[in-house]
Structures are given as C-alpha cells and as structure tokens.
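Okay, so here's the structure we're looking at.
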Amino acid sequence: MAGKTLTRADLAEAVVEKVGLPRNESQDLVERVLDEISGSLAEGDAVKLSSFGSFGIRQKGERVGRNPKTGEEVPITPRRVLVFRPSNIMKDRINKGHAKR
C-alpha cells in the first residue's frame, strides 16, 4: 500500500486552501469536528457521513483465545470495538482508483 497518510494538519491545510479560513481557525475547526465524532462514538452513537461511510460501536462478547506461543487457552474479555462501513459511493471511488478532489 503506497501513498501518503492524511493527517490532521493536512485536513486543516485543505480547509485553509479551499475555504480560505486562517490557519489557526482551520486547525480549530478540524479538531472540533473530530472531537464531535469521537465523542458521539464514545457515547455509543452511530456517525453517518454521506458519501463517505458510517462509524459505529459493536459489542463483542467474551470468548476463549489461545496464546500462540504456549497454546494455552486464555479468556478474552468482552469489549466494545469501532467498526467502519464505507458507503457505496466511497467503494466505487476506491475501486476506480481515483478520488475527486
């Protein structure tokens, strides 16, 4: 998988270039959006972003796993996990090998 990793700074820079907000306001806007998304997920709410996908929390029950080194059975405690489902539009953009920018 080749390519650059998109960071918070990259998102803020895109806001500066495309919207024209000052750099510090752009960084604040990106932080607020990400905080809102992560806060909603932490409360157990789903987050749906049109043409992008949806994030949600799934409860996983307790199960038995194995230590790969010793083969010993070890209980894995119940936990909540983050899941992401891309939209059909996002799947199409990825499968075509390009994204509209």
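Going from the sequence shown to my numbering is simple: count from 1 and add 31. Backbone N, C-alpha and C define an ideal beta-carbon position, used for all residues, glycine too. Please read these numbers as outputs of a predicted model, since none were measured by experiment.
Three-way DSSP call (helix, strand, coil) for residue i in this model
i	result
Ser-85	strand
Gly-96	strand
Lys-49	helix
Leu-113	strand
Glu-56	helix
Leu-65	helix
Glu-44	helix
Lys-91	strand
Ser-35	Correcting the residue identity first, residue 35 is Lys in this sequence and not Ser. Note: Lys-35 maps to coil in three-state DSSP.
Lys-127	coil
CB-CB length for residue i against residue j, believed under 8 Å
i	j	result
Arg-39	Val-61	6 Å
Leu-37	Val-46	Not a contact, Cβ separation roughly 13 Å.
Reference residue i; option with closest CA among the options
i	options	result
Gln-90	Leu-80, Arg-111, Gly-51	Arg-111
Lys-79	Ile-125, Met-121, Glu-93, Asp-59	Met-121
Gln-58	Glu-48, Gly-51, Leu-42	Leu-42
(request) Take every Cβ of the region 82–92, pair it with every Cβ of the region 111–120, and state whether three or more of those distances are shorter than 8 Å. (result) They touch, by the three-pair rule.
(message) Taking contact to mean 3 or more Cβ pairs, one atom from each stretch, closer than 8 Å, check whether the region 66–75 and the region 94–109 are in contact.
(response) The answer is no - the region 94–109 does not touch the region 66–75, with fewer than three Cβ pairs under 8 Å.
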